[in-house]
Every structure is written in structure tokens, then in C-alpha cells.
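Taking it in order: structure first as C-alpha cells, then the write-up.
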Amino acid sequence: MEIWRLPISASQRGKLISSGYTSLSSLSSISSSDLARELKVSESEAMNILKVASHSRGSETSNASCSIVEGAQSAWDMLHDEESLMHITTSSADLDNILGGGIHCKEVTEIGGVPGIGKTQLGIQIAVNVQIPNDFGGLGGKAIYIDTEGSFMVERAFQIAEACIEDMSEYNRFLRKDFQECKIKMLPQDILENIFYFRICSYTEQIALINYLDKFLSEHKDVKVIVVDSVTFHFRQDFDDMALRTRVLSGMALKLMNLAKRFSLAVVLLNQVTTKHTEASFQLALALGDSWSHTCTNRIVLYWNGNERYAYIDKSPSLRSASAAYSVTARGIRNSSSSCKRIKMM
Amino acid sequence: MARLANLETEYPVLDSTVRNFCASHGIFSVEDFLIHDLYMLAAFAEQNDSSERLKEGIAQVLSIIDDMHQPWLNGMELLEDAKRNKHVFPTGIQGIDLLLGDGIHVGQLTELVGPSSSGKTQVCLRTASNVARNHMVLYLDTGNSFSPQRIAYFLGKTISPSSAQAKNQFLQKVMSNISCHSVFDIFAMFDVLHQLESYLRCQDGRGGCQMRLLIVDSISSLISPVLGSSSTLGRALMTSAGYLLKKLAHQHNLAVLVSFARVSSVLIINHTVGGEGGSSKPALGDSWKCIPHSRLFLSCDRGSNTYNVSILRHPSMASGKAARFVI
């Protein structure tokens, strides 16, 4: 029954099947007014159904010899594309090292940790660092910050932006001391202007926003990172129907993956932790359970080790498991200042 | 399976009297015909006025159905087909190849099941890089985890050190055999599989480098948004996806490898499972478990960075056997 494959509503599907239209070929020779009459639906609905069916069928006949499937890319082309993709630095050289240069574009990265470890700080730092101009090795793009907990502080963002600009002019002075000094024309206000901030207060708003982002990103093509802080907050309490929660979360994850791939941007999801009771011991695990843990491309876990903050790569398709120390300073995220600063490879 | 109305042009026997009779019993297409009790239908046709026409019509539909089934094969033909077409592809990972007795089979759907970051994507990438040396590979990626860097790394490890240019050429040749496509919902996957089917039908006639491996990483993330609601659509989509993959594997001599997320929780999406407290179960419950031909369970030993694989189900190897491997 090929009608199963069409993305149409359940009632339309039921009407099609009960009238005997079970295969795509049966829909090929009928006009929309006849279909509307038979199914007792409006003409626009019938036209919609026929359009979806012919699109499905049309993909069968267009058999380009160069690619097996429309939209597929060969691994060789992707390798070259990947080499030209930039990363978003986190301002901590150790952290960038274990991340292979920084946060990757076209991937969904989940960052989780206990409260107070610096997740929001890292989120704000990334939203500022994505705007570093191309001349200084950055992406020169804008950022979307989706705040679910209300933990975004504008004054802190201003502080981090100021520090970032100071670092850039320092770098500029250091590197270009032979040539004439080109002054950095960026001001902290400009950086703040390029962060699009959304505050959401319930899970329906969150889903609605993710759906809306498609249109928003087609209008603002220079957005290069989406930071969601935190993605789990509205799903943890008051959700009676767990099956619904899993469906909604996996649908949301797929949409974010789609956005990351289509618009070539990085998606950073900040997550909270919860205690998991396994085999009579308590363990910290990221919130939202195992089904959510499969939905990201990379996962970084932030934890305390003594008095130091550490970041550990938990899941990645191409990076080794490693951990590195970092610290949260007045200027933002920076390298840890401890003396025994070594990256531990697992 | 066409509507009876559409068949009238080809088979004039199925005229309006026959169709009206069928419609009075709720039969509008050839498919509906199959679901009905044919003896009852013939009995009703007897009682009707134009019983001859109706019986002719019924006989015609039955002959149409007869033309539609797959040809019969006897044991010798199956053995011939198995020897000629159904090869075994080594995955390139020693532990797995030893466990499976040479590798994954063409014509079968092999599933990799495991908790998060247990090495499923790495095994898929490794297998893709190994098979791509001689055949074409299609990689369907649902989580943007296809990493060309990793494939280049695996290939680089296997060739002997030679000039950079020769290495580059080798990489280009092999990596051009791998096509990667991102799918983010199940309907898109059905579209892609449909296009693949028409491509494979053309390919069967030609020679040259043929597609022999299809990887879907991971299929569970496509199915979980639709499964579990009050309608049965999710389950139907899941089983038809499984059957379509198996059909592609058998008819067009592909090896199909899918990766699957495992959820350890009592709160499982599928409402028929009432599992014991805290036991690990693969996501999507029992309906999916019988679909793949062979199922491998992967887990990662964090301390020593080795992976464990054990057989949950296999047509020719004993289940419960386990092995370790490193990537």
C-alpha cells in the first residue's frame, strides 16, 4: 500500500483507502475535481494530495546518472567541504584542542553539566565568538540564543564582548606590528546587536520556535550558531505522557539536525543533569534519558575535578575521548591557570 | 494494486455491473478483493441476475492477481542464487568478522543495537570504507554523524605507505564510491528508498561498479517521532520500512546495515511491552525485533576503550557468542 508513504493527514489517508486508491499509479490519471468529488473533500485538498503523490512519483522517474539519489554527495566531495568549514572557538585553547578546533558547524553539540559549572557562560561565549570576523579566524556570523530558564545576563554578555574585542586588538597588534595598525571597528554594542534572543516559557513555545526558525533562518542567512539554554528545562516537570515526550523530543532533535545541515550552522544544546539509580549506586547522567542521548552528534560533559572545571568528550564521530581543563574568568571562558595543564587522552 | 475502475480499459469484462456488485460488498480495488471471502462472494454472485458476467469478472480479477506474485523458486535455484550473488562482505574490524564468520551477508538486514556512544556509527563508517574499495555504498545519515575524515583515516591505515599523490588518488577513487544523504524524517527515507529501487533496477542490467551496501544510521531516530501515538500509523511505517529494506536486500543483492538506539528504561514507547524494572530493551519494542535477519549488540568499555559485541540473532551463527574489538 504505497499510500502509507505519503505525508498526508490520517483522515485524508483513510478516505483514499476506503475509496480504493491504494497505490500511487491510481492517483496518476485522475483530475483534482474528480478526486474531490469522490473523496468528498474540498478541491484544494484534493489538489494538495495529487501534488504530494506526483512529487513522490516524480522522484522515481528522474534518474540522474551522476547521483544515485537526489541530494546525495560523495564522501570525497564532503571531505573537501569539511576542510573548508570553520569552527567556533571557545576562547580556551585546551578546550579547542580536544574539540578539533572548536564547535563544528553542521552538527548538533550537546553540552551538559551540574549547575554552576559554566554552561550558560560557555553558551554566551560561543554566541560572542561566532561573531569574530573572518580576518581573525572566526566565522563572522550572527547568533540565536534561545533562553528557557532566564539565565542569560546582558551585562555579562557585554563584559564578555568587551574582553573579546580587547583580545582581538591585542592579537592584531601582536601580529600586524609590521604593517599599519588597522583599528578594530567593532564595539561591544555591535556584538550584542548580532545576538537574536528568544525567551520561551513553555514546551509548546519551544516547539513552535523551532518550527519558526526555518523561516527565520531563510531570512537571516548569516546566523551561524543556535544556542539553546537549556533544552530540557520545560520537558522535565509536569509531563504526564512519557510517550508523547519522547515523540516530541525526537521530532525536535530531527528538526534541529535538519536546520544545522541545511543552513550550515552549529547547534549547541545545553542540558542539565539528573541522578540515575543503576545497580544500587547513584550516578549522574544527563537529563531526558537515554532516548535523548542518541539524538545529538557530539556530546561534551562538564564536571568538577577537585577545584578545577573539566570538559570531557563523551560522544563524537571523529574525535577521540579526551578531557581538558578550563576556567571561567571575568573575561569569559579561558584556559585553566593551574600549573599541571595536560590534556588527558583516554 | 489498481482500482477496479481503472482496470476497465484493459479488461472490458470488469464493466459497471461487476463494479457495482463489488462496490455493494465494499470492494473498490484489487487489494480489497483479496481481503474478502471468495466463496461468499461467488455465492452472492450466483444469486444475482447477471451471474455469468459476475463470475467472469471475478475470474478475471483472480487471474490479474495470479500474475502479480513472485515466481516460485526451488531449493537448487536458491542455492545457485546464493552461491552466485549472496556474498559476504568483511567489515574490516577483526573481532566482528571473526564473530560473524567473515562479515555481513548480502541479501540480509543486519542491525547494530546498543546504548549511546557504543561504537555503532564507527562500525558503520568502518564497514563503508571497507566495502567501498570495490563496490558502491549509500549511507543514509539521520544525525549528521557521517565523518569523511574518519573514512579517510580508516583508508589511510590500510594502504601501504606510498607517495602522497598515489594515496590521494586511492582516497579519491574509494571515497567517490560512497554517497551520503541526510534524511530527517521517515517519509523522506521512503522517498530515497524508492529512488534507490529504480536506480537498482537499472543497475541490474549494467556491469561495472555496482551498489552493494546500504547503511541507515540510525533508523530508530526516524521512527521514534511517529511511534506510540494512539494511531497505528507509526507501527505500520516501521514494519513497512523494515520490509522494504529486506526486499531491496534480497532482490537487488544488497547488504543492508542499520544502527539502532537502545533505551534502558521501563517507560518504553511501545505500549505492549511491560518490561521488568530497569531492564534494558531496544527502543521500539518487540515489533521491530523480528524484522532484521541478524542483530548485534554493541557496548563500550569506557575504561579500556574497547568495544564488546555479541550476537543477539543470526541465521547461521549461535546467538550469545561475544567478542571484543578496538577501533
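Note that the protein sequences, when read in sequence, are chains S and D. 1 is the number of the first residue of the first sequence in this note's numbering; add one for each residue after it. 347 is the number of the first residue of the second sequence in this note's numbering; add one for each residue after it. Just so it is clear, CB atoms sit at the ideal spot from N, CA and C, and this is done for glycine as well. Since we're looking at a predicted model, the values are computed, not measured.
Please name the residue in the options whose C-alpha comes closest to that of residue i.
i        : options                                : result
S/Gly141 : S/Gly289, S/Val128, S/Ser25            : S/Val128
S/Ile126 : S/Gly113, S/Arg309, S/Leu95, S/Ser293  : S/Leu95
D/His598 : D/Gly441, D/Thr355, D/Leu560           : D/Leu560
D/Arg641 : D/Phe516, D/Leu458, D/Ser370           : D/Leu458
S/Ser318 : S/Ser32, S/Ile3, S/Leu79, S/Arg37      : S/Leu79
S/Ser321 : S/Val301, S/Val223, S/Pro115           : S/Val301
D/Val376 : S/Ser31, S/Thr22, S/Ala36, S/Ser29     : S/Thr22
S/Gln73  : D/Pro494, D/Leu603, D/Arg659, D/Leu353 : D/Pro494
S/Gly71  : D/Lys635, D/Gln541, D/Gln454, D/Gly553 : D/Gln541
S/Val114 : S/Ile333, S/Tyr303, S/Asn307, S/Lys51  : S/Tyr303
S/Gly332 : S/Pro7, S/Glu38, S/Glu166              : S/Glu166
D/Ser633 : D/Ala391, D/Ser586, D/Asp427           : D/Ser586
S/Ile226 : S/Gln12, S/Asn48, S/Ala53, S/Ile88     : S/Ile88
S/Asp77  : D/Thr355, D/Gln518, D/Asp443, D/Phe379 : D/Gln518
D/Leu380 : D/Ala405, D/Arg552, D/Asn394           : D/Ala405
D/Val407 : D/His433, D/Asp427, D/His382, D/Glu423 : D/His382
Do residue i and residue j have their C-beta atoms closer together than 8 Å?
i        : j        : result
D/Phe643 : D/Gly438 : no
S/Val130 : S/Gly118 : no
S/Arg299 : S/Val328 : no
S/Ala287 : S/Arg236 : yes
D/Ser665 : D/Ile657 : yes
D/Gly489 : D/Ser570 : no
D/Gly580 : D/Gly588 : no
S/Ala75  : D/Ile524 : yes
S/Ala10  : D/Ser577 : yes
S/Thr109 : S/Val268 : yes
S/Lys106 : S/Ser316 : no
D/Ile497 : D/Met482 : no
S/His104 : S/Ala311 : no
D/Val364 : D/Gly403 : yes
S/Val398 : D/Val538 : It is not possible to answer for residue 398 of chain S, since the shown part of chain S is limited to 1 through 346.
S/Ile200 : S/Ile144 : no
S/Ile30  : S/Leu16  : no
D/Leu591 : D/Leu471 : no
S/Asp241 : S/Leu270 : no
D/His371 : D/Leu384 : no
S/Leu256 : S/Ile195 : no
Could you tell me the distance, in whole angstroms, from the CA atom of residue i to the CA atom of residue j?
i        : j        : result
D/Arg547 : D/Pro638 : 23 Å
D/Met414 : S/Gly20  : 18 Å
S/Ser336 : S/Ser92  : 8 Å
D/Gly502 : S/Arg156 : 46 Å
D/Phe533 : D/Glu543 : 15 Å
D/Ser396 : D/Ala369 : 15 Å
S/Gln189 : S/Ala163 : 13 Å
D/Phe435 : D/Met535 : 24 Å
S/Asp34  : S/Ser26  : 13 Å
D/Ser650 : D/Ile673 : 12 Å
D/His527 : D/Thr467 : 15 Å
D/Leu583 : D/Val572 : 8 Å
S/Ser362 : D/Ser464 : Any answer about residue 362 of chain S is impossible in this case: the structure gives chain S only from 1 up to 346.
S/Phe216 : D/Phe516 : 43 Å
S/Leu192 : D/Ser491 : 32 Å
S/Gly251 : D/Gly441 : 35 Å
S/Ala324 : D/Lys593 : 48 Å
D/Gly621 : S/His55  : Low confidence applies here, because D/Gly621 scores a pLDDT of 38, under 50, leaving its location unreliable; read the following figure in that light. Using only the alpha carbons, I get a separation of about 42 Å.
S/Lys40  : S/Leu122 : 56 Å
S/Leu187 : S/Ile132 : 12 Å
D/Lys401 : D/Cys555 : 51 Å
S/Glu45  : S/Ala36  : 8 Å
S/Ser202 : S/Ser293 : 22 Å
S/Asn63  : D/Leu484 : The predicted position of S/Asn63 is uncertain, since its pLDDT is 47 and thus under 50; no value can be drawn from it.
D/Leu568 : D/His660 : 24 Å
Below 8 Å CB to CB, which residues in the same chain sit around residue i once its five sequence neighbours on both sides are set aside?
i        : result
S/Phe233 : Thr148, Glu149, Gln272
S/Tyr171 : Phe136
Can you list, in chain order, the residues of its chain with a C-beta nearer than 6 Å to that of residue i? Leave out the 5 residues immediately preceding and following it.
i        : result
D/Ala601 : Phe435, Ile450, Val452, Leu559
D/Arg608 : Val459, Gly460, Pro461, Pro628
D/Leu353 : Leu360
D/Phe500 : Arg472, Ser475
Below 7 Å CB to CB, which residues in the same chain sit around residue i once its five sequence neighbours on both sides are set aside?
i        : result
S/Thr274 : Ala285, Ala287
D/Val562 : Leu486, Val604
S/Asp314 : Arg299, Ile300, Val301
Would you say the beta carbon of residue i is closer than 7 Å to some non-hydrogen atom of the ligand PLP?
i        : result
D/Lys592 : Ligands displayed in this structure: none; no statement on the ligand PLP is therefore possible.
Next on the checklist: Closer than 8 Å between beta carbons: that is the criterion. Which residues of the segment 507-525 of chain D meet it against chain S?
Outcome noted: Residues of the segment 507-525 of chain D that bring their beta carbon within less than 8 Å of a beta carbon in chain S comprise Leu517, Gln518, Met521, Ser522, Asn523, Ile524, Ser525, in sequence order.
Checklist entry - Residues in the segment 560-581 of chain D with C-beta within 8 Å of chain S's C-beta atoms, listed in sequence order? => result Correct list: Ser564, Ser566, Ser567, Leu568, Ser570, Pro571, Val572, Leu573, Gly574, Ser575, Ser577, Leu579.
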